[in-house]
Amino acid sequence: MTDVIDTLVGIAPGSKLDAIRAQRSEARKHAQASYASLFEPKDSGSVTADERHAIAAFVAGLHGEPKTGSFYAAKLPASLGAAVAAEVAAAKSKGPYGHFPKGPLSAEDAPGPTWKVSDAGRKTLGPRLAAAFEHTHMLVFHPRDASAPSLQSLLDAGWSTTDIVTISQLVSFLSYQIRVVAGLSTLASTL
Amino acid sequence: MSTKATEKTLTPPPHTEPVVFTRDMLDWLPWLEPMAEADMTERHLTSLVDAARVKSPYFRLLARDPDVLEARTRTDKDIFYNPEAGLPRAERELAAAATSRLNGCIYCASVHARFAATYSKRVDDVQRLLDEGVDAKLDERWEAIVAASVALTTIPMTFGKEHVERLRKVGLDDAAIADLIGAASFFNWANRLMLSLGVPATQG
Numbered sequence: 000m001t002d003v004i005d006t007l008v009g010i011a012p013g014s015k016l017d018a019i020r021a022q023r024s025e026a027r028k029h030a031q032a033s034y035a036s037l038f039e040p041k042d043s044g045s046v047t048a049d050e051r052h053a054i055a056a057f058v059a060g061l062h063g064e065p066k067t068g069s070f071y072a073a074k075l076p077a078s079l080g081a082a083v084a085a086e087v088a089a090a091k092s093k094g095p096y097g098h099f100p101k102g103p104l105s106a107e108d109a110p111g112p113t114w115k116v117s118d119a120g121r122k123t124l125g126p127r128l129a130a131a132f133e134h135t136h137m138l139v140f141h142p143r144d145a146s147a148p149s150l151q152s153l154l155d156a157g158w159s160t161t162d163i164v165t166i167s168q169l170v171s172f173l174s175y176q177i178r179v180v181a182g183l184s185t186l187a188s189t190l
Numbered sequence: 000m001s002t003k004a005t006e007k008t009l010t011p012p013p014h015t016e017p018v019v020f021t022r023d024m025l026d027w028l029p030w031l032e033p034m035a036e037a038d039m040t041e042r043h044l045t046s047l048v049d050a051a052r053v054k055s056p057y058f059r060l061l062a063r064d065p066d067v068l069e070a071r072t073r074t075d076k077d078i079f080y081n082p083e084a085g086l087p088r089a090e091r092e093l094a095a096a097a098t099s100r101l102n103g104c105i106y107c108a109s110v111h112a113r114f115a116a117t118y119s120k121r122v123d124d125v126q127r128l129l130d131e132g133v134d135a136k137l138d139e140r141w142e143a144i145v146a147a148s149v150a151l152t153t154i155p156m157t158f159g160k161e162h163v164e165r166l167r168k169v170g171l172d173d174a175a176i177a178d179l180i181g182a183a184s185f186f187n188w189a190n191r192l193m194l195s196l197g198v199p200a201t202q203g
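Protein sequence lines, in the order shown, are assigned to chains A and B.
Under numbering that gives the first Met the number 0, the first sequence has 6 at position 7, and the numbering climbs by one with no breaks.
Under numbering that gives the first Met the number 0, the second sequence has 152 at position 153, and the numbering climbs by one with no breaks.
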C-alpha cells in the first residue's frame with residue numbers, strides 16, 4: 000500500500016523530499032509498518048477498527064493538523080464522525096501542560112483541565128470509547144499528569160491491559176505521525 | 000462480551016521518584032502488568048529486536064502488542080542510529096532531550112541527555128537544558144535546534160518557515176532538518192508511553 004506520510008505530505012517520487020526520506024529508508028518503512036499494525040492489524044484483538052479510527056481522528060482533530068485529521072475522519076461512519084468532531088470542538092486546548100512531581104519543578108507546574116466527554120458524546124461513543132477519549136485528551140495535552148488511576152479508569156470501562164497498550168501506542172504513534180507530516184510539509188514549502 | 004474479571008493496575012514497590020531532571024541512570028516501574036518471560040512466544044521475543052530487552056518491564060509490557068512494538072523500535076533505531084549524512088547523532092539526541100524536557104518526561108530526558116552529553120562532550124550545556132528548561136542559553140545552533148523541537152511539540156504546533164530558515168543559517172542542510180523533525184516527533188511518541196504506563200525511580 001502507499002506510504003501514508005508521503006501521501007499526507009504530498010511527496011512525489013523523484014522529488015527532493017523523496018530522496019531525503021530514502022536516506023532513512025528503515026524509519027520510512029517502519030513508520031508505515033507502525034501505521035499498518037495499528038490500523039490494518041493481522042489480529043485486531045478486542046479493539047475494533049471503528050474504535051481505532053475514532054481515537055485517531057480525535058487525536059488528529061485535537062492537534063488541528065488538517066491533512067491528518069481528514070484522513071482519519073474519512074474512515075468513520077457518519078454518526079461516529081459527527082460525534083468525534085463535536086468532542087474535538089469542545090476539547091481543544093493548548094499543550095503541553097500539567098504537574099511535575101512535588102519538589103523544585105513544582106515552580107514549573109502548569110495546571111489545566113481534566114477534560115470529560117459531553118453527555119451527548121457519551122451516548123454515541125458508549126462508555127468504552129468515552130473512557131478512551133478522556134485518557135487520550137490527557138495523553139495529547141498533559142501527559143505528565145498521567146497516573147495509575149487514569150489507567151484504572153480504562154480497565155474499569157472494559158479495556159484489557161493489552162488493549163490499553165494498543166491504545167497508548169495508537170495515540171503516541173499519531174503524536175509522531177502528525178508532527179512528521181506538519182514538519183515535512185513546512186520543509187517542503189521551502190524547497 | 001468477555002466474562003473476565005476487570006483487571007487492576009499495579010502498585011509499584013516502595014521507591015523514590017526523581018523530582019528534578021537528571022543525567023543519572025533511572026529505573027522505571029510499570030503500572031500495568033508486563034508479560035511474564037515464560038509466557039512470551041517467539042513473536043513476542045522477536046518484537047523486542049534486542050534480546051536483552053526481555054529484562055526490561057517497559058519492553059515486556061509493550062510486547063503485548065508485538066507488531067507495533069517491533070515497528071516502533073525499528074523506526075526509533077533508524078532515526079537515531081543511522082550514521083549516514085543528516086544531523087550529527089549528538090544533535091538528534093539534543094532534540095530528543097529538549098522534547099522530553101518540555102513534555103516533562105524525566106526518564107526519557109535522562110537517557111537522551113546522557114547520550115547528548117556523551118556525543119557532544121558539552122556536558123554543561125546539556126545540564127543547563129535540564130536545569131533551566133527549553134529557554135536555557137546554549138549557543139545559536141543548539142538554541143535553534145531546541146526551538147524547532149519545541150515548535151514541533153507544542154499544540155498548536157508552531158513550526159514554520161522561520162524555524163527552517165534559522166536552522167539553515169546555523170548550518171543544517173535539508174537532510175539534517177528532516178532528521179530533527181524525525182527525532183523531535185519520535186519523542187512525542189516515546190514520551191507519551193513512558194509517562195503514562197509507569198513511573199521513574201531513582202536507583203540504589
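Think of the CB as a built atom: it goes at the ideal place given N, C-alpha and C, for glycine as much as any other residue.
Note that this is a predicted model, so its numbers are computed, not measured.
- Under the Cβ distance rule, H62 of chain A counts among the residues neighbouring chain B, one pair being separated by less than 9 Å.
- The beta carbon of D26 of chain B is closer than 8 Å to those of H14, P199, A200, T201, Q202 in its chain, skipping five residues each way along the sequence.
- The region 155–162 of chain B and the region 103–112 of chain A do not touch, with fewer than three beta-carbon pairs separated by less than 8 Å.
- At the C-beta level, L128 of chain B and A96 of chain B come within 9 Å of one another.
- Within the region 90–104 of chain A, those residues whose Cβ lies closer than 8 Å to any Cβ of chain B are, in chain order, S92, K93, G94, P95, G97, F99, P100, K101, G102, P103, L104.
- Interface annotation, D138 of chain B: not in contact with chain A, CB-CB separation never under 9 Å.
- Contact between the region 103–113 of chain B and the region 130–141 of chain B is not established, with fewer than three Cβ pairs separated by less than 8 Å.
- Nearest in C-alpha terms to I154 of chain B, of all of B:T98, B:Y80, B:A4, is B:T98.
- Comparing alpha-carbon positions, the option among A:H136, A:D49, A:S159, A:S45 lying closest to A90 of chain A turns out to be A:H136.
- Listed along the chain, the chain B residues whose CB falls inside 8 Å of the CB of D155 of chain A are T5.
- The beta-bridge partner set that DSSP reports for G97 of chain A consists of A:A109.
- The bridge partners DSSP lists for A200 of chain B are B:D26.
- I180 of chain B carries a helical assignment under DSSP once its states are collapsed to helix, strand and coil.
- Between H52 of chain A and K74 of chain A a beta carbon distance of about 4 Å is seen, short of the 8 Å cut, so the two are scored as contacting.
- One Cα belongs to V180 of chain A, the other to A143 of chain B, and the distance between them is close to 20 Å.
- For R23 of chain A, the chain B residues whose Cβ falls inside 8 Å of its Cβ are D77, I78, N81, G85, A177, D178, G181, in order along the chain.
- In this structure, A:L61 is the residue among A:A84, A:K122, A:L61 with its C-alpha nearest to the C-alpha of I177 of chain A.
- Among the residues of the region 57–70 of chain B, those with a Cβ less than 7 Å away from any Cβ of chain A are L60, L61, R63, D64, D66, V67, A70, in the order of the chain.
- L28 of chain B sits away from A145 of chain A, with the two beta carbons spaced by 9 Å or more.
- Residues of the region 145–161 of chain B with a C-beta atom less than 8 Å from some C-beta of chain A are L151, T152, T153, I154, P155, M156, F158, G159, K160, listed in chain order.
- CA-CA distance, V19 of chain B to A94 of chain B, rounds to 19 Å.
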